[in-house]
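A short worksheet on the structure shown next.
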Amino acid sequence: MAGFIEKLGNTDRRIIFILIALSVIIPISLNLIFPNPVGAEPSRDLFEYVDALPEGSNVLVSFDYDPSTMPELQPMAEAVVAHLFKKNANVVGMALWPQGASLGQDAMSHMADSLGKVQYEDWCNLGYKSGGGVMIVRLGSSMSAVFPTDKDNVPWSEIPMLRNITDLESFSLIISLSAGDPGIIAWVMMGGDRFGVPIGGGCTAVSAPTLYTYLQTGQMVGMLGGLKGAADYETLVGIKDGQAVRGMAPQSVAHLVIMLFIIIGNVAYFTEKKKGGAR
Amino acid sequence: MRLIIPLVITFTAGMIMILNYFVPHQPFRLLGDNLQEWFLIVASGAIFLGAANLMHVHFRKIRLKLKNWKYSPVTIIGFLVMFVLGLIYGVVEGKPFDFLFLNMVAPMGATMFSLLAFFVASAAFRAFRASNWRATLLLTSAFLVMLGQVPIGAMIWDKIPLAKVWLMSIPNTAGQRAVMIGAAMGVVATSLRIIFGIERSYLGGAD
Amino acid sequence: MNWEILGVWLGALVTFCLYSFLYRDNPFYKFAEHLFVGMSAGYWVIYNIENVLIPNWWQNMVPPEGGFNWIWIIPGIFALFMLARMVPKTAGLSRLALGMIIGAGAGLNMVSFFQTNAMAQVKGTIISVATGSAWDIFSSLVLVVGVVSGLVYFFFSKAHTGVVGKTANVGITILMIAFGASFGYTIMARLSLLIGRCQFLMEDWLPTIPQLLGIGG
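Chain order of the listed sequences is A, B and C.
Going by our numbering, the first residue of the first sequence is number 2, and it counts up by one from there.
Going by our numbering, the first residue of the second sequence is number 5, and it counts up by one from there.
Going by our numbering, the first residue of the third sequence is number 1192, and it counts up by one from there.
What follows is the structure, encoded as structure tokens:
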């Protein structure tokens, strides 16, 4: 028995890779969907804040991520944009990361097509700007100085929905979907604490533990953390067959598999340690 | 002299940003606005530097036939294809540049980082040992979060998600906040050292 | 030409090339890795030209309505100074541009980090002491004690002995719980990325095979 456990502890890593892959592939192929109850989570806080926005509110959505974190943040982006469109908010998109501009365009145009929203009347994509936090400070005094045109070089003055937007304080809410720096923290520092605009966020699961500090102080009104946050928001918004909700079953199975690996690794370790001590 | 002018520029830029924060009126407002707009353009220059350096490295690899030099043309061609298509067609949705981004760059970027899932599982199996009570506490906290974050946790016991929320809101926030405050003090100290020219490491390496 | 199916197959092809690394390093992986680096760099350069240089520099310097604003030559020159780093003889000029970037960043960070990550966090800790139920009071005390003891742990100017040592030990314990939570979330993050790719391969790519073979609908 001890020999078997020792052997188990020295398993080739490619076996582990195969087991991890199967733990994800099998639930997806079986189309397994687990119910996703949403408790008193920061994701519910963000949903309720957005839900309480008056119709016609200006909301800035900043797509601060790249394809490496797309599986977590793209479903979040689509769910948030869908909710804003359903609330008839004026959605202004932008990005602090170059690739976020394209990914944000993909999310907004996809949701706009399905919900009948018109570009330049209900939504627009201002595109990417370099500069991170310094650029955000400039947005605080003039949006059009930083974005004289949108992503596709349409002048600011020719976009009807931007007529009553002058600076960051014209927005009722800023939502940053962020994979790192510059991202939510820059928005909290410059947009929130400096100019007093409420900040909401969606982030990768890696960043989520740190951002809980901003939730507790009220510097953020709500937060979507990782794929679970995206699944929560899809559930609350009522998106049928959302990508994040479908991802919860493989996520659950894979978590159990990894927990099992850790337990087996520890059992093997302690067995070997005991064997070494007995000698 | 070669250090004094950059240090003066650093000091001036730093002081303009600080004064702009505390005195948002003229003339600091105008100085701050201009500096912030110029910052965007100069920061953009850094991107071009990165691209130029990338091309330089790969051309050099080909010229000197260094390790893996046969793959360098792939990098150069990939860069040129995106560059030329972007210049000709622009970044508008539905054009070749956007098509290649969504169907090649995005999948490659997503796949690169998804490889980490395998390596983190392997590393957790081999290295995560509850060798003392604090490591066991770390492991317990990790397990609670891993179960609480997925629907299966609620299926096992409906209190697991609540416990996870408490763990994230209280002990996790406390620990993260302690690190955050300490790091913020470090940033303030380093920023002051940079502005006053005591810290000059960022100017090195350009001789 | 069905561009959608072509796009899906291109995505699947590069995905498999990269996943081949799990078996071992091989030419397919190296090819895809080098292609990714080159294409990403091209993307970044184009977006900086289209979304930053043209609207924010060129159109300010040479407005569409005519004229020439000389002052905008200055940031253009500084941006060129960045590139001067490539040529050894002129590399020193890059210090001027770096000075501007680093100085502005330092000036902004000094104030912002202090306000957001220090003062607001301290305020949040002080006013968190609740007066509600026994559980709320207990939770808020854990928060306050956790923050203070964590900060004491990071204070290395005094030896961690006596009262300071015991407080620092409490701090390490709280930090271990926080790091455990971070570890759990990191595992989740990495797996989510894998789930995303598997969903693409199984839900977007696999169904195209019967389509191409003329099987099914």
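Backbone N, C-alpha and C fix where the C-beta goes; we use that ideal spot for every residue, glycine too.
Member of the options whose CA lies at the smallest distance from the CA of residue i
i: Ser312(A); options: Asp52(A), Met71(A), Asp46(A); result: With chain A covering only 2 through 280, there is no way to say anything about residue 312(A).
i: Arg139(A); options: Asn24(B), His60(B), Ala167(B); result: Asn24(B)
i: Gly197(A); options: Ile21(A), Val222(A), Ser110(A), Asp52(A); result: Val222(A)
i: Pro1279(C); options: Asn57(B), Phe101(B), Ser76(B), Asp102(B); result: Asn57(B)
i: Gly230(A); options: Asn32(A), Pro76(A), Ser69(A), Pro68(A); result: Pro76(A)
i: Ala83(A); options: Ser103(A), Thr211(A), Glu73(A), Lys118(A); result: Lys118(A)
i: Ala146(B); options: Phe271(A), Pro210(A), Gln217(A), Glu273(A); result: Pro210(A)
i: Phe117(B); options: Asn1217(C), Leu1384(C), Tyr1220(C); result: Leu1384(C)
i: Gln120(A); options: Tyr129(A), Asp52(A), Pro161(A); result: Pro161(A)
i: Leu74(A); options: Ile198(B), Asp162(B), Ala110(B); result: Ala110(B)
i: Gly248(A); options: Thr12(A), Ser63(A), Gly184(A), Leu33(A); result: Leu33(A)
i: Phe129(B); options: Pro55(A), Gly277(A), Ile259(A), Lys276(A); result: Ile259(A)
i: Arg1(A); options: Arg1215(C), Glu1256(C), Leu1197(C), Leu1201(C); result: Nothing can be reported for residue 1(A): it is not among the residues displayed for chain A, which extend from 2 to 280.
i: Ala1282(C); options: Phe1272(C), Gly1290(C), Met1291(C); result: Phe1272(C)
i: Gln40(B); options: Pro1218(C), Phe1227(C), Trp1248(C); result: Trp1248(C)
i: Met108(B); options: Trp124(A), Ser69(A), Asn91(A); result: Ser69(A)
i: Gly186(B); options: Trp1200(C), Gln1312(C), Ile1378(C); result: Gln1312(C)
i: Tyr213(A); options: Leu171(B), Gly152(B), Pro31(B); result: Leu171(B)
i: Val62(A); options: Trp124(A), Pro38(A), Glu159(A); result: Trp124(A)
Rounded distance between the beta-carbons of residue j and residue i, thought under 8 Å
i: Asn89(A); j: Ser173(A); result: The pair is not a contact, with the Cβ atoms about 13 Å apart (cut-off 8 Å).
i: Lys47(A); j: Gly201(A); result: The residue you asked about is not Lys; residue 47(A) is Leu in the sequence shown. With a Cβ gap of about 5 Å, Leu47(A) and Gly201(A) count as contacting.
i: Ala1387(C); j: Gly1362(C); result: Reading off the sequence, residue 1387(C) comes out as Gly, not Ala. Contact doesn't hold; Cβ gap of about 37 Å is too wide.
i: Ile17(A); j: Ala125(B); result: 6 Å
i: Leu141(B); j: Thr1358(C); result: Actually they do not touch by this definition, with Cβ atoms about 18 Å apart.
i: Val1302(C); j: Ile22(B); result: 6 Å
i: Thr177(B); j: Gln217(A); result: 5 Å
i: Ala245(A); j: Glu235(A); result: 5 Å
i: Leu55(B); j: Val1253(C); result: A quick correction: the sequence has Ala, not Leu, at residue 55(B). With 8 Å as the limit, Ala55(B) and Val1253(C) do not qualify as a contact, their Cβ atoms being about 24 Å apart.
i: Gly1294(C); j: Ile199(B); result: 6 Å
i: Ser76(B); j: Lys69(B); result: Going by Cβ atoms, the distance from Ser76(B) to Lys69(B) rounds to 10 Å, so no, they are not a contact pair.
i: Gly134(A); j: Met224(A); result: The Cβ separation is near 19 Å, so there is no contact.
i: Glu273(A); j: Gly4(A); result: 11 Å between Cβ atoms; not a contact.
i: Thr1316(C); j: Val1335(C); result: 6 Å
i: Leu20(A); j: Phe64(A); result: At roughly 35 Å, the Cβ-Cβ gap does not stay under 8 Å, so Leu20(A) and Phe64(A) are not in contact.
i: Ser205(B); j: Ala1270(C); result: The Cβ separation is near 23 Å, so there is no contact.
i: Met189(B); j: Ala1232(C); result: Actually they are not in contact, since the Cβ atoms of Met189(B) and Ala1232(C) sit about 37 Å apart, beyond 8 Å.
Within 8 Å, strictly: CB atoms of residue i and residue j
i: Ser142(A); j: Asp168(A); result: yes
i: Gln106(A); j: Glu97(B); result: yes
i: Tyr1234(C); j: Phe122(B); result: no
i: Leu11(B); j: Arg1276(C); result: no
i: Tyr1344(C); j: Thr115(B); result: no
i: Ala127(B); j: Asn267(A); result: no
i: Val238(B); j: Gln252(A); result: The structure shown does not extend to residue 238(B), since chain B spans only 5 to 211, so no value can be given for it.
i: Gly239(A); j: Ser208(A); result: no
i: Val93(A); j: Ile166(A); result: yes
i: Ile174(B); j: Leu1244(C); result: no
i: Ile20(B); j: Leu35(B); result: yes
i: Met184(B); j: Val1205(C); result: no
i: Phe83(B); j: Gly90(B); result: no
i: Leu119(B); j: Phe1212(C); result: yes
i: Ile80(B); j: Phe35(A); result: no
i: Leu54(A); j: Met95(A); result: no
i: His256(A); j: Met150(B); result: yes
i: Glu1241(C); j: Val95(B); result: yes
i: Glu42(A); j: Asp233(A); result: yes
i: Gly227(A); j: Val81(A); result: no
i: Gly57(A); j: Pro165(B); result: no
Going along the region 48-68 of chain B in order, which residues come within less than 9 Å of chain C, judged by CB to CB distance?
The region 48-68 of chain B vs chain C, Cβ under 9 Å: Ser48, Gly49, Ala50, Ile51, Phe52, Leu53, Gly54, Ala55, Ala56, Asn57, Leu58, Met59, His60, His62.
If the cut-off is 7 Å on Cβ atoms, which residues from the region 114-133 of chain B count as contacting chain A, listed in chain order?
Listed by position along the chain: Ala114, Met116, Phe117, Ala121, Phe122, Ala125, Ser126, Ala128, Phe129, Arg130, Phe132, Arg133.
Using Cβ-Cβ distances below 8 Å, what residues of the region 1369-1402 of chain C are close to chain A?
When C-beta distances to chain A are compared with 8 Å, the residues of the region 1369-1402 of chain C below that value are Ala1369, Ala1372, Ser1373, Tyr1376, Thr1377, Ile1378, Met1379, Ala1380, Leu1382, Ser1383, Leu1384, Leu1385, Ile1386, Gly1387, Arg1388, Cys1389, Gln1390, Met1393, Glu1394, in chain order.
Where are the beta strand (DSSP E) runs, 3 residues long or more, that stay fully inside the region 144-210 of chain A, in chain order?
Entirely contained in the region 144-210 of chain A, the beta strand (DSSP E) runs reaching 3 residues are, in chain order, 174-179, 200-204.
With 7 Å as the C-beta to C-beta threshold (strictly closer), list the residues of the region 1223-1244 of chain C near chain A in chain order.
Taken in chain order, the members of the region 1223-1244 of chain C whose beta-carbon sits within less than 7 Å of a beta-carbon on chain A are Tyr1234, Trp1235, Tyr1238, Asn1239, Asn1242, Val1243.
Let me know the alpha helix (DSSP H) ranges lying completely inside the region 1257-1321 of chain C, each 4 residues or longer, listed in chain order.
Listed in chain order, the complete alpha helix (DSSP H) runs (minimum 4 residues) inside the region 1257-1321 of chain C are 1264-1274, 1285-1303, 1311-1317.
Closer than 9 Å, Cβ to any Cβ of chain C: which residues of the region 8-34 of chain B, in chain order?
Listed in sequence order: Ile9, Pro10, Leu11, Val12, Ile13, Thr14, Phe15, Thr16, Ala17, Gly18, Met19, Ile20, Met21, Ile22, Leu23, Asn24, Tyr25, Phe26.
Where in the region 15-67 of chain B do unbroken runs of the alpha helix (DSSP H), each at least 4 residues long, occur, reported from the N-terminal end onward?
Runs of the alpha helix (DSSP H) inside the region 15-67 of chain B: none found.
Length at least 3, wholly inside the region 211-236 of chain A: the beta strand (DSSP E) runs in chain order:
If you keep only unbroken beta strand (DSSP E) runs of at least 3 residues inside the region 211-236 of chain A, you get 223-226.
Listed in chain order, which residues of the region 40-53 of chain A have Cβ atoms closer than 7 Å to some Cβ of chain B?
Listed by position, the residues of the region 40-53 of chain A near chain B (Cβ gap below 7 Å) are Gly40, Ala41, Glu42.
Chain B contacts from the region 71-98 of chain A (Cβ-Cβ distance under 7 Å)
Within the region 71-98 of chain A, Met71, Pro72 place their CB atoms closer than 7 Å to a CB of chain B, listed in sequence order.
Going along the chain, which residues of the region 108-120 of chain A sit with their C-beta nearer than 7 Å to a C-beta in chain B?
Cβ contacts with chain B come from Ser110.
Which residue spans inside the region 43-105 of chain A form an unbroken beta strand (DSSP E) run of at least 3?
Given a length threshold of 3 residues, each whole run of the beta strand (DSSP E) inside the region 43-105 of chain A is given here in chain order: 59-65, 91-96.
Proximal residues, the region 1280-1307 of chain C versus chain A, C-beta separation under 8 Å:
Taking 8 Å as the Cβ-Cβ cut-off against chain A, the residues of the region 1280-1307 of chain C that qualify are Ala1295, Gly1296, Leu1299, Asn1300, Ser1303, Phe1304, Gln1306, Thr1307.
Using Cβ-Cβ distances below 8 Å, what residues of the region 118-145 of chain A are close to chain C?
Residues of the region 118-145 of chain A that bring their beta carbon within less than 8 Å of a beta carbon in chain C comprise Gly128, Tyr129, Lys130, Ser131, Gly134, Val135, Val138, in sequence order.
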